[in-house]
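Single-structure report; data block below.
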Amino acid sequence: MYYPGQKNIPGLIHKIINQIPPCKYFCEPFAGSAAVSTFLSLLPGSNLKFFINDIDPYVTDKFDYPAGSTVTNLDAVNFLEILHNPATRTDAFIFMDPPYHHSTRPNNFKLYGTEMSHTDHVQFLEAATKVKSNCMIIHPACQLYDQALHEFRTIQLSVRYHNKTSIENLYMNYLDPEQLLTYVYAGKNCWDRQ
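Rendered as structure tokens:
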């Protein structure tokens with residue numbers, strides 16, 4: 421399945437993985453291509469439980485998920501409310517890759533089967549800032565996200581999609597992790613990992 425901002429680009433997925441602290445539950449409210457979940461599920465010795473969500477059942481029906489995964493088709497805000505369960509708060513990690521805000525797209529093209537309005541983005545950001553679990557949001561740099569997530573730790577990335585370079589931010593509600601979920605891709609780049 422093709423998504424314009426899919427995260428399985430070499431280098432990008434490694435930068436994402438290298439910011440994920442240890443967790444038992446990996447949650448994705450906007451599955452899309454589920455690149456990060458799929459990547460993590462293939463790591464040797466992975467014991468993660470996956471909570472995969474996409475509002476579009478067509479998206480979630482396209483993938484095979486590891487045994488024990490929970491797959492839902494909820495609005496992301498509702499999915500985040502379910503994750504407020506105190507039992508999963510400290511052991512869960514939430515990776516959020518929402519549809520890009522219209523202001524960040526060239527020519528304001530429709531890119532997704534299920535789009536989010538400006539109001540949807542505002543509601544999502546309000547819910548995301550209340551999350552108690554460790555969470556990461558990736559989104560192109562824009563005023564709405566920068567203002568709403570100003571208390572989050574931010575790493576700016578330059579990402580090459582086809583013929584265009586996008587400046588995207590990783591927004592994280594936790595400090596730079598002292599331990600990582602996996603060290604398979606530790607390092608800043610392929611040369612650093614050798």
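Start counting the sequence shown at 421; every next residue gets the next number (the working numbering).
All C-beta atoms in this analysis are idealised placements derived from N, C-alpha and C, irrespective of residue type, glycine included.
- With 16 or more neighbouring CB atoms inside 10 Å of its own CB, GLU448 falls in the buried class.
- Setting aside the 5 residues that flank it on each side, PHE483 is surrounded in the same chain by ALA454, each with a C-beta closer than 6 Å to its C-beta; the list follows chain order.
- ASP495 has its alpha-carbon roughly 18 Å from the corresponding atom of PHE513.
- Less than 8 Å separates the beta-carbon of LEU569 from that of LEU545.
- Straight across, the Cα-Cα distance linking ILE575 with THR585 is about 16 Å.
- The beta carbon of PRO464 is closer than 6 Å to none in its chain, skipping five residues each way along the sequence.
- In this structure PHE446 does not touch PHE499 by the C-beta definition: roughly 13 Å separates them, more than the 8 Å allowed.
- Excluding sequence positions up to five before and after GLU535, its CB lies within less than 7 Å of the CB of PRO519, all in the same chain and listed in chain order.
- The beta carbons of VAL479 and ALA451 sit about 6 Å from each other, so the pair counts as a contact at 8 Å.
- Scanning the segment 503-580 for uninterrupted alpha helix (DSSP H) segments of 4 residues or longer gives 506-509, 538-548, 563-568, listed from N- to C-terminal end.
- Non-local C-beta neighbours of GLU501 in its own chain, meaning closer than 8 Å and more than five positions away in sequence, comprise ALA547, ordered along the chain.
- Pairing SER523 with THR539, the inter-Cα distance amounts to about 13 Å.
- In the three-state reduction of the DSSP assignment, GLU448 falls in the strand class.
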